[in-house]
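Engineer: Residue numbers (the working numbering), protein chains in the order written: chain A, 31 to 282; chain B, 31 to 282. Note that CB positions come from ideal geometry on N, CA and C, so glycine has one too.
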DNA sequence: CAAATAGTGTCTCTAAGACATTATTAG
DNA sequence: CTAATAATGTCTTAGAGACACTATTTG
């Protein structure tokens, strides 16, 4: 390291975090997936106080890496993902949370990330976090710290992102039917959509999906014709957007 | 402070930032306003290395306060805003930036905020930052650290927010004409809008603006009738949205 | 007066949503 | 066979954008 000039030393002094209250920076991940037709979030059970025994979002310290790298690393550690799997997971920054007192031990600022994942295997017991589980959203309650708030913000972001981006395709496999895609929207938005209109709408948005030419082997479990299979298209934005019905109340 | 249990001590050990590289947390503010028909951003000239003499976004350390409080405080310090003024400024979190090496001295994670302000007086010389200035966006170049990137992200967020929120009204005074509002959109989006269609559109969105009943004292500087005056409405979202024209290229 | 601008009217085209219809499959 | 469902068609209405037009004001 080069020797420091006096002014640099003054500067470092004023930048030294020990001159202020010490701060830690963590990342937390809201990882969402769909299992058995329900939206799930990845949670870990805390093995230490505070909030011992309670569920929390997976996360941890930022090391000598970029913030997004830290989030990807934490996610991989908790889920047992191998690097190749990460390509199929969408990861984006959600926001930062730093209210004093949000961690009772010291000042911790956390940068939250939101992940959309297709079906993934259950987290390996024996991996870093002994007790990590995909938990149905409806069954999560009283998470540690301010993680309830972070989860809510993540859910709202997810609902909103489905409107104007093709990220719904991140919840399904490489090949999917329009009905599979509709199921994603219905689960995330929590409301039924009109099958016919949805179908026409998806196909009318340029670059949303692209035909594989193939069809499913069988019809639905209770009848119906075999459905055509599609892949993700190359659009990054949906134009026009697929807006949620009935937002009247949220507008004011 | 209460004495710590052994497990808490273990915990604190593993949480102690001194066990990792020390990290500092700052806030930086992208404060936008419109002056003389051009979009301006608040910049400060750095008086210390590194990047001495270069322009940077205003910002500083997070103290014992919430992140948004820190951003509001920094903004107030640089602009000489009094608390009452802050009500007229919109402030929202933009994102966090923490790439190792973004500050050559130590690891610094910054939480960036975006502010929309109506016309504000020039920053007082003699206040905290001697050299703070509202600078036209077109004339900013080579900001310190990764502030170019943060500014770009802030501009894109601002452009996008005008589409589906009534935040354009934050750039104008309490009473404004539809033309004033159109000027905001044109300046932020950087393109001309059709006056007639814009007018009809704004009035058709419920809660966007609300009539005062009054009109301007005079017509435009080069002729034209006097325009009606409006106030901000109570909508938090624009429905339907006011979409930017010509996004074809950005979609893929 | 001419030029500029506020505000409104009209027309076309796209898209959303309600609803109907046809074809194909499982059981 | 019946029930379910993929996929398409039809109709109505809302909204975006192009364009025209009138009234009002400045210089």
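1) List, in chain order, every chain A residue whose beta-carbon is nearer than 8 Å to that of residue 128 (chain B).
2) Does residue 288 (chain B) have its Cβ less than 8 Å from a Cβ in chain A?
3) From the DSSP secondary-structure annotation, give me the bridge partner or partners of residue 55 (chain A).
4) What residue does the alpha helix (DSSP H) around residue 163 (chain B) start on, and which one ends it?
5) Mark residue 153 (chain B) as exposed unless 16 or more other C-beta atoms lie within 10 angstroms of its C-beta, in which case mark it buried.
6) What's the C-alpha gap between residue 105 (chain B) and residue 59 (chain B)?
7) Any residues in the stretch 167 to 186 of chain A with a beta carbon nearer than 9 Å to a beta carbon of chain B? Which ones, in chain order?
8) For residue 114 (chain B), which option in B:237, B:55, B:150 and B:274 has the closest C-alpha, if you only look at C-alpha atoms?
9) Return the residue from the list A:85, A:71 and A:128 that minimises the CA-CA distance to residue 91 (chain B).
10) Looking at residue 111 (chain A) and the ligand GTP, is the gap between the Cβ and the nearest heavy atom below 7 Å?
11) Of all Cβ atoms in chain B, is any one closer than 8 Å to the Cβ of residue 123 (chain A)?
12) Looking at residue 266 (chain B) and residue 241 (chain B), is the spacing between their C-beta atoms short of 8 Å?
13) For residue 61 (chain A), which option in A:143, A:75, A:216 and A:126 has the closest C-alpha, if you only look at C-alpha atoms?
14) Report the option in A:145, A:271 and A:97 whose CA atom is closest to the CA atom of residue 234 (chain A).
15) Is residue 248 (chain A) near residue 256 (chain A), with beta carbons less than 8 Å apart?
16) Would you call the stretch 76 to 90 of chain B and the stretch 169 to 178 of chain B touching, i.e. three or more CB-CB distances under 8 Å?
17) Given a cut-off of 8 Å, decide if residue 71 (chain B) and residue 165 (chain B) are closer than it, judged by their beta-carbon atoms.
18) Write down the C-beta distance between residue 268 (chain B) and residue 194 (chain B) rounded to the nearest angstrom, noting that I regard them as a contact closer than 8 Å.
19) State the start and end residues of the unbroken alpha helix (DSSP H) segment that holds residue 116 (chain A).
20) Can you give me the C-alpha to C-alpha distance between residue 275 (chain B) and residue 93 (chain A), rounded to a whole angstrom?
21) Determine the contact status of residue 108 (chain B) and residue 168 (chain B), defining contact as a CB-CB distance below 8 Å.
22) Within the continuous beta strand (DSSP E) that includes residue 260 (chain B), where are the two ends?
Structural biologist: Answer, in terms of the structure:
1) Here the neighbours are 55, 92, 96, 97 and 141.
2) Any question about residue 288 (chain B) goes unanswered here, given that chain B covers just 31 to 282.
3) When DSSP reads this structure, residue 55 (chain A) sits in a beta bridge with A:139.
4) Not the alpha helix (DSSP H): residue 163 (chain B) falls in the beta strand (DSSP E), residues 162 to 166.
5) Counting Cβ neighbours within 10 Å, residue 153 (chain B) comes out buried, since at least 16 surround it.
6) Cα-Cα distance, rounded: 7 Å.
7) So nothing in the stretch comes that close.
8) Of the candidates B:237, B:55, B:150 and B:274, the one whose C-alpha sits nearest the C-alpha of residue 114 (chain B) is B:150.
9) It is A:128 whose Cα lies nearest to the Cα of residue 91 (chain B).
10) Absence of the ligand GTP from the depicted structure is noted, as is the absence of any ligand whatsoever, leaving it without description.
11) Between residue 123 (chain A) and chain B, the shortest Cβ-Cβ separation is below 8 Å.
12) No, these two residues do not count as a Cβ contact at 8 Å.
13) Here the closest residue by C-alpha is A:143.
14) Ranked by Cα distance from residue 234 (chain A), the options A:145, A:271 and A:97 are led by A:271.
15) The Cβ atoms of residue 248 (chain A) and residue 256 (chain A) lie closer than 8 Å to each other.
16) The stretch 76 to 90 of chain B makes contact with the stretch 169 to 178 of chain B: 3 or more CB pairs, one atom from each, lie closer than 8 Å.
17) Yes; because the gap between Cβ atoms is below 8 Å, this pair is in contact.
18) The distance from the Cβ of residue 268 (chain B) to that of residue 194 (chain B) is about 5 Å, consistent with a contact at the 8 Å cut-off.
19) Looking at the DSSP string, the run of the alpha helix (DSSP H) that includes residue 116 (chain A) is 113 to 116.
20) Looking at the two C-alpha atoms, the distance is approximately 43 Å.
21) Cβ atoms of residue 108 (chain B) and residue 168 (chain B): not closer than 8 Å.
22) Where residue 260 (chain B) is concerned, the enclosing beta strand (DSSP E) stretches over 258 to 262.
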